[in-house]
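K.L.:
The opening residue of the sequence shown carries number 244 in the working numbering; numbering runs sequentially from there.
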Amino acid sequence: MTKPSLPELLHAAVTAVGGTERPGQVTMAEAVAEAIDEGSHLLVQAGTGTGKSLGYLVPALAHGERVVVATATLALQRQLVERDLPRTVDALHPLLRRRPEFAMLKGRSNYLCLHRLHEGVPQDEEEGLFDQFEAAAPTSKLGQDLLRLRDWADETESGDRDDLTPGVSDRAWTQVSVSSRECLGATKCAYGAECFAEMARERAKLAEVVVTNHALLAIDAIEGAPVLPQHEVLIVDEAHELVSRVTGVATGELTPGQVNRAVRRAAKLVNEKAADQLQTAAEGFERLMELALPGRLEEIPEDLAYALMALRDAARTVISAIGATRDKSVQDEDAVRKQALASVETVHDVAERITNGSEWDVVWYERHDRFGASLRVAPMSVSGLLREKLFADRSVTLASATLKLGGDFNGVGASMGLAPEGTQGEDVPQWKGIDVGSPFDYRKQGILYVAKHLSRPARDGDRADMLDELTELIQSAGGRTLGLFSSMRAAQLAAEELRTRIPEFPILLQGEETLGELIKNFSADPKTCLFGTLSLWQGVDVPGPSCQLVVMDKIPFPRPDDPLMSARQKAVEDAGGNGFMAVAATHAALLMAQGAGRLVRASGDRGVVAVLDQRLATARYGSYLKASLPDFWYTTDRNQVRRSLAAIDATAKQTEAQ
Numbered sequence: 244m245t246k247p248s249l250p251e252l253l254h255a256a257v258t259a260v261g262g263t264e265r266p267g268q269v270t271m272a273e274a275v276a277e278a279i280d281e282g283s284h285l286l287v288q289a290g291t292g293t294g295k296s297l298g299y300l301v302p303a304l305a306h307g308e309r310v311v312v313a314t315a316t317l318a319l320q321r322q323l324v325e326r327d328l329p330r331t332v333d334a335l336h337p338l339l340r341r342r343p344e345f346a347m348l349k350g351r352s353n354y355l356c357l358h359r360l361h362e363g364v365p366q367d368e369e370e371g372l373f374d375q376f377e378a379a380a381p382t383s384k385l386g387q388d389l390l391r392l393r394d395w396a397d398e399t400e401s402g403d404r405d406d407l408t409p410g411v412s413d414r415a416w417t418q419v420s421v422s423s424r425e426c427l428g429a430t431k432c433a434y435g436a437e438c439f440a441e442m443a444r445e446r447a448k449l450a451e452v453v454v455t456n457h458a459l460l461a462i463d464a465i466e467g468a469p470v471l472p473q474h475e476v477l478i479v480d481e482a483h484e485l486v487s488r489v490t491g492v493a494t495g496e497l498t499p500g501q502v503n504r505a506v507r508r509a510a511k512l513v514n515e516k517a518a519d520q521l522q523t524a525a526e527g528f529e530r531l532m533e534l535a536l537p538g539r540l541e542e543i544p545e546d547l548a549y550a551l552m553a554l555r556d557a558a559r560t561v562i563s564a565i566g567a568t569r570d571k572s573v574q575d576e577d578a579v580r581k582q583a584l585a586s587v588e589t590v591h592d593v594a595e596r597i598t599n600g601s602e603w604d605v606v607w608y609e610r611h612d613r614f615g616a617s618l619r620v621a622p623m624s625v626s627g628l629l630r631e632k633l634f635a636d637r638s639v640t641l642a643s644a645t646l647k648l649g650g651d652f653n654g655v656g657a658s659m660g661l662a663p664e665g666t667q668g669e670d671v672p673q674w675k676g677i678d679v680g681s682p683f684d685y686r687k688q689g690i691l692y693v694a695k696h697l698s699r700p701a702r703d704g705d706r707a708d709m710l711d712e713l714t715e716l717i718q719s720a721g722g723r724t725l726g727l728f729s730s731m732r733a734a735q736l737a738a739e740e741l742r743t744r745i746p747e748f749p750i751l752l753q754g755e756e757t758l759g760e761l762i763k764n765f766s767a768d769p770k771t772c773l774f775g776t777l778s779l780w781q782g783v784d785v786p787g788p789s790c791q792l793v794v795m796d797k798i799p800f801p802r803p804d805d806p807l808m809s810a811r812q813k814a815v816e817d818a819g820g821n822g823f824m825a826v827a828a829t830h831a832a833l834l835m836a837q838g839a840g841r842l843v844r845a846s847g848d849r850g851v852v853a854v855l856d857q858r859l860a861t862a863r864y865g866s867y868l869k870a871s872l873p874d875f876w877y878t879t880d881r882n883q884v885r886r887s888l889a890a891i892d893a894t895a896k897q898t899e900a901q
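Below you can see the structure in the form of structure tokens.
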């Protein structure tokens with residue numbers, strides 16, 4: 244029997260999921276198959292509606308050897324495992340003459356820990372473990388969550404937090420889960436044979452396609468100890484998020500609360516001298532943090548360096564002491580010991596990293612009204628890490644609706660450690676970038692409107708003319724507006740003001756309900772508007788007449804006082820490059836492309852993306868930003884836009900009335 248062709252396989256898969264075959268999807272699948280066969284790297288931009296997931300899943304399944312697929316969001320992870328993969332495997336089975344296995348793998352803390360559930364939680368103040376179920380009042384929210392978790396533990400086959408519906412609070416989940424550092428290990432744990440996390444790892448070892456997330460991919464790359472099963476093909480979806488997620492995993496943090504928690508956990512397990520040394524170091528660190536002012540520390544002040552060295556040395560002493568002592572009077576000593584070790588090792592590792600003072604690290608203070616001060620350290624760049632750990636020894640495909648910024652892939656490629664496309668040289672990863680387009684006709688379906696007449700935005704300043712413009716646009720659109728703001732304060736001010744001005748158009752505000760509830764309510768009532776900030780830029784998928792106007796209050800450059808972004812910008816400038824374009828403009832272009840992508844989600848969608856920032860039309864970098872957006876019809880004519888919005892609104896109302 245001849246081997247089925249890729250077009251045959253793709254046709255079968257598309258038919259199975261009830262989709263429509265699109266030229267861009269075929270082009271993408273062929274490019275992914277070629278990259279897999281050649282062991283090369285591919286960056287592929289596939290617009291909304293292309294059928295991107297099938298564009299890489301079909302060649303991955305046809306490959307016949309293990310492929311790891313990493314996504315940024317839980318929503319896509321679930322879509323792949325619960326919808327796309329089961330249907331695709333069923334469709335390809337008769338053609339491939341085999342049934343490829345697939346599995347999902349997450350970090351350990353995403354799975355319920357049976358040891359925690361049955362034996363209790365190590366407590367900071369008490370010896371041994373305590374029964375979280377007895378301690379929580381059954382009528383309290385925590386008590387109800389814990390009782391539901393205990394019942395669920397008897398029913399669930401996966402132990403995966405995301406399979407619990409409705410979910411529980413983070414506080415409840417921490418009572419029944421452990422981090423990888425806190426885990427006793429399957430061979431030492433009484434529940435090792437039935438451990439949910441271990442079962443997930445075993446399923447992944449047997450699967451041809453393993454679906455995971457960017458964070459676990461980063462941990463696998465950074466920590467050296469393999470978390471993911473051996474693989475030679477990696478596909479990263481939502482790849483525009485990868486640098487941010489890897490940076491998050493590679494960021495260390497110290498807070499007084501975290502250090503004091505480590506002291507309390509270790510105190511019962513070590514001799515008095517070691518405990519006192521760590522307590523004294525913690526007190527010195529806490530005094531310093533009370534005086535900390537937010538901002539980057541280009542040099543570590545002498546008093547902070549001394550406090551961190553004291554913490555590091557005391558933590559090292561405690562770690563040695565924990566390993567050397569045994570106290571059989573402590574109930575379930577191994578679990579208590581493991582949690583204490585995890586806390587103290589984290590303190591030690593971050594303190595040591597900052598005192599070592601790598602030129603590639605950025606250190607800064609942050610201060611939050613609710614959580615107080617924290618000391619943070621993050622890599623200046625993750626490009627070297629990704630180049631060495633991600634692109635070596637495997638074929639990597641990076642897929643997203645937004646990878647091509649300013650007209651090419653080199654900006655995103657550089658952030659991931661890739662030299663400009665076509666660069667030759669020893670140890671230079673070779674890659675190709677393709678844009679397979681979108682099935683939507685953006686020039687006919689959407690308008691990009693720049694309010695060129697408005698005053699230039701000032702940082703966190705009130706913009707009366709912007710609010711006037713926004714009011715008129717919403718009135719013309721008949722509601723139907725997604726407002727994407729560069730700060731939560733700006734979103735709140737706009738919501739407060741417009742609720743007074745145009746009460747006939749209800750305004751939902753991020754933070755007042757869960758994001759899922761807000762999106763559901765926004766979709767249900769066309770007159771409703773939804774205002775919010777960064778998480779809305781990427782997380783909203785509302786096709787149809789409920790979202791016909793997407794407004795951005797201003798170009799979303801990073802804040803000038805963002806320590807990490809400003810450090811990255813300066814590093815590019817010190818190397819002779821254009822720091823603003825490489826860092827700030829790239830950051831803004833990615834967010835704007837994601838934001839503008841909220842408008843056209845289906846072939847029948849029509850509407851306007853309005854940018855209330857004259858700089859998009861007047862500044863030199865404006866053309867770079869516009870080139871990163873969908874190819875909408877462009878105008879700065881406010882009257883034209885009002886007429887267009889009114890016409891779109893009238894058409895939508897006619898359709899709704901039918």
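Even for Gly, the Cβ is constructed at its ideal location relative to N, Cα and C.
May I have a chain-ordered list of the beta strand (DSSP E) segments no shorter than 3 residues that lie completely inside the segment 505-534?
P.N.:
Qualifying beta strand (DSSP E) stretches: none in this window.
K.L.:
Can you tell me whether K571 is buried or exposed? The criterion is at least 16 other CB atoms within 10 Å of its CB, across all chains shown.
P.N.:
Locating residue 571 in the sequence shown gives position 328, where the first residue counts as 1. At K571, the pLDDT of 48 sits below 50, so the modelled position is not reliable and the matter cannot be decided from this model.
K.L.:
Tell me which residues share the same chain as P788 and place their Cβ nearer than 8 angstroms to its Cβ, disregarding the 5 neighbours each side in the sequence.
P.N.:
What you label residue 788 is simply residue 545 of the sequence shown in a count that begins at 1. Excluding positions up to five away in sequence, the list reads R723, P769, A895, T898 and E899.
K.L.:
Please report the straight-line C-alpha distance between L338 and V301, rounded to a whole angstrom.
P.N.:
In the sequence shown, residue 338 corresponds to position 95, counting from 1. In the sequence shown, residue 301 corresponds to position 58, counting from 1. Each residue's Cα considered, the two are about 12 angstroms apart.
K.L.:
Assuming T743 is part of the alpha helix (DSSP H), what are its boundary residues?
P.N.:
For this step, residue 743 is matched to residue 500 along the sequence shown. T743 -> alpha helix (DSSP H) spans M731 to R744.
K.L.:
Buried or exposed: K511, going by 16 or more other Cβ atoms within 10 Å of its Cβ?
P.N.:
The count along the sequence shown starts at 1 and reaches residue 511 at position 268. The residue in question, K511, is buried, as its Cβ has 16 or more Cβ neighbours within 10 Å.
K.L.:
Spatial neighbours of D892 within its chain, please: C-beta separation below 6 angstroms, excluding the five flanking residues on both sides.
P.N.:
Sequence index remark: in the sequence shown, residue 892 carries index 649 (1-based). The answer, listed in chain order, is A720 and G721.
K.L.:
If the criterion is Cβ atoms closer than 8 angstroms, does the pair L253 and W674 meet it?
P.N.:
Position 10 of the sequence shown, counted from the first residue, corresponds to residue 253. Position 431 of the sequence shown, counted from the first residue, corresponds to residue 674. No, Cβ-Cβ distance for L253 and W674 is not below 8 angstroms.
K.L.:
How many Å lie between P803 and E277 at the Cα?
P.N.:
Reading the sequence shown from its first residue, position 560 is the one you call residue 803. Reading the sequence shown from its first residue, position 34 is the one you call residue 277. Approximately 43 angstroms, taken between the alpha carbons.
K.L.:
Let me check understanding here. Comparing Cα to Cα, which of L777, L888, S296 and A396 lies closest to S420?
P.N.:
Here the question's residue 420 lines up with position 177 in the sequence shown. Comparing Cα positions, the closest option is A396.
K.L.:
Find out if the Cβ-Cβ distance for the pair R265, G294 is shorter than 8 angstroms.
P.N.:
Sequence index remark: in the sequence shown, residue 265 carries index 22 (1-based). Sequence index remark: in the sequence shown, residue 294 carries index 51 (1-based). Yes, Cβ-Cβ distance for R265 and G294 is below 8 angstroms.
K.L.:
Would the beta-carbon of S586 fall within 8 angstroms of that of A493?
P.N.:
On the sequence shown, position 343 is the one that residue 586 refers to. On the sequence shown, position 250 is the one that residue 493 refers to. No, these two residues do not count as a Cβ contact at 8 angstroms.
K.L.:
Note down the Cα distance separating V454 from H830, rounded to an integer number of angstroms.
P.N.:
Along the sequence shown, read from residue 1 onward, the residue named residue 454 stands at position 211. Along the sequence shown, read from residue 1 onward, the residue named residue 830 stands at position 587. Rounded to the nearest angstrom, the two C-alpha atoms are 27 angstroms apart.
K.L.:
What does a CB cutoff of less than 7 angstroms around E484 pick up in its chain, not counting 5 residues either side in sequence?
P.N.:
Looking up residue 484 in the sequence shown gives position 241. So the qualifying residues of the chain are A315 and H457.
K.L.:
Hey, would you say L842 sits closer than 8 angstroms to V783, going by beta carbons?
P.N.:
Working through the sequence shown from its first residue, we reach residue 842 at position 599. Working through the sequence shown from its first residue, we reach residue 783 at position 540. No. Outside cutoff.
K.L.:
Does the distance from the CB of T645 to the CB of A836 come in under 8 angstroms?
P.N.:
Here the question's residue 645 lines up with position 402 in the sequence shown. Here the question's residue 836 lines up with position 593 in the sequence shown. Yes. Within cutoff.
K.L.:
So, under 8 angstroms CB-CB, Q418 and R359 are touching, yes? Tell me the CB distance rounded to an integer number of Å.
P.N.:
As a first step, residue 418 must be located in the sequence shown, where it is residue number 175. As a first step, residue 359 must be located in the sequence shown, where it is residue number 116. At roughly 7 angstroms, the Cβ-Cβ gap stays under 8 angstroms, so Q418 and R359 are in contact.
K.L.:
Measure the beta-carbon distance from T879 to K632 and round it to whole angstroms, keeping in mind my assumption that it falls under 8 angstroms.
P.N.:
Along the sequence shown, one-based indexing puts residue 879 at 636. Along the sequence shown, one-based indexing puts residue 632 at 389. About 46 angstroms; that fails the 8 angstroms criterion.
K.L.:
Taking the runs of the beta strand (DSSP E) that are 3 residues or longer, which of them lie wholly in the segment 439-475?
P.N.:
As far as the segment 439-475 is concerned, its whole beta strand (DSSP E) runs of at least 3 residues are 452-456.
K.L.:
Runs of 3 residues minimum, wholly inside the segment 534-616: which ones carry the beta strand (DSSP E) assignment?
P.N.:
Correct list: 604-611.
K.L.:
Comparing alpha-carbon positions, which option in G775, D670 and V826 lies nearest G838?
P.N.:
The residue labelled residue 838 in the question sits at position 595 within the sequence shown. For the residues G775, D670 and V826, the minimum Cα distance to G838 belongs to G775.
K.L.:
Select from M795, A889, A737 and R321 the residue whose C-alpha is nearest the C-alpha of D406.
P.N.:
Stepping through the sequence shown from its first residue, residue 406 is reached at position 163. For D406, the nearest C-alpha among the options comes from R321.
K.L.:
Determine the burial state of K516: buried for a count of at least 16 other Cβ atoms within 10 Å of its Cβ, exposed for fewer.
P.N.:
As a first step, residue 516 must be located in the sequence shown, where it is residue number 273. Exposed is the call here.
K.L.:
Answer yes or no: do S412 and R351 have a C-beta to C-beta separation smaller than 8 angstroms?
P.N.:
Counted from its first residue, the sequence shown places residue 412 at position 169. Counted from its first residue, the sequence shown places residue 351 at position 108. Cβ distance not < 8 angstroms, so S412 and R351 don't count as in contact.
K.L.:
With distances taken between CB atoms, is the gap from W416 to R686 smaller than 8 angstroms?
P.N.:
Stepping through the sequence shown from its first residue, residue 416 is reached at position 173. Stepping through the sequence shown from its first residue, residue 686 is reached at position 443. No; because the gap between Cβ atoms is not below 8 angstroms, this pair is not in contact.
K.L.:
What do you get for K448, buried or exposed, if any count of 16 or more other CB atoms within 10 angstroms of its CB means buried?
P.N.:
Here residue 448 refers to the residue found at position 205 when the sequence shown is read from its first residue. So K448 counts as exposed.
K.L.:
Grouping DSSP H, G and I as helix and E and B as strand, with all else coil, what is S681?
P.N.:
Counted from its first residue, the sequence shown places residue 681 at position 438. Residue state, collapsed to three classes: coil.
K.L.:
Where does Q718 fall in DSSP's three states?
P.N.:
By 1-based counting over the sequence shown, the position of residue 718 is 475. Correct three-state label for Q718: helix.
K.L.:
Give me, in chain order, the residues of the same chain whose beta-carbon lies closer than 7 angstroms to that of D708; leave out the 5 immediate sequence neighbours on both sides.
P.N.:
Position 465 of the sequence shown, counted from the first residue, corresponds to residue 708. The residues are L697 and S698.
K.L.:
Which runs of the beta strand (DSSP E) fall wholly inside the segment 282-328 and span at least 3 residues, in chain order?
P.N.:
Counting only runs of 3 or more, we get 284-288 and 310-314.
K.L.:
Taking Cβ to Cβ, would you say L477 is nearer than 8 angstroms to V324?
P.N.:
Working through the sequence shown from its first residue, we reach residue 477 at position 234. Working through the sequence shown from its first residue, we reach residue 324 at position 81. In this structure, V324 does not lie closer than 8 angstroms to L477 by Cβ.
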